[in-house]
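Heads up: the sequence shown begins at 9 in the numbering used here, then just goes up one per residue. A virtual CB, placed ideally from N, CA and C, is assigned to each residue, including glycine. Following: one structure in structure tokens, then a few remarks.
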Amino acid sequence: MKVTISRKAHFNSAHRLYRKDWTFEKNDAVFGKCNNPNYHGHNYELIVGVTGQIDPETGYVMDVKILSDLIKEEVENRFDHKNLNLDVPEFQDLNPTAENIVVVIWNKLRNKIQADFDIEVILYETPRNFVTYRGE
Ligand code: NI
């Protein structure tokens, strides 16, 4: 009997979508306004789901406080009020699209959560645009 527990979190970050190896014109054609050299911001909303067996002793899949502390340490403290391109090492050479951000977050959490739990990360870049990654 597997149950998914989920925790919502939030961070504000700036980014610019572009490739260093493309001309400005090509970046502009592909990424449009998101290629603004002066960056722009998003209010990112995050939902992390952890699926596993209920521990018969505690009745928990995982103590949600442990999950919320993990999200704070691994995601909020590193991404909130940061420029993803400039301040976050993972995006030095990786375009900080919502797709790439959700994979980076998933990998950070995967390293900290026991392998017998499945992890799903949903990242909203805007209230209407969101991406999902389950490690597949
Ligand atoms: Ni953007």
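Between Val69 and Gly60 the beta-carbon gap is near 5 Å, inside 8 Å, which marks them as a contact.
Here the C-alpha atom of Glu65 lies approximately 28 Å from the C-alpha atom of Arg142. Its Cα nearest to that of Pro45, the residue Asn35 stands out among Asn35, Glu53, Ser21.
Bounds of the alpha helix (DSSP H) holding Asn35 are 32-39. Boundaries around Leu131 are those of the beta strand (DSSP E), 126-132, since no alpha helix (DSSP H) includes it. Ligand 1 has a heavy atom closer than 7 Å to the beta-carbon of His23.
Rounded to whole angstroms, Thr105 and Arg86 show a C-alpha spacing of 17 Å. In this structure, Leu78 sits away from Ala22, with a CB-CB distance that is not shorter than 8 Å. Measuring C-alpha to C-alpha distances from Met9 to each of Asp63, Asn20, Ile109, Phe138 identifies Asp63 as the nearest. Considered as a whole, the stretch 43-125 harbours 72-79, 92-95, 106-118 as its complete alpha helix (DSSP H) runs of no fewer than 4 residues, in chain order. Here His50 is buried: its Cβ has 16 or more other Cβ atoms, across all protein chains shown, within 10 Å. Judged by the Cβ position, His89 fails to qualify as a neighbour of ligand 1 at the 7 Å threshold, every heavy atom of the ligand being at least this far.
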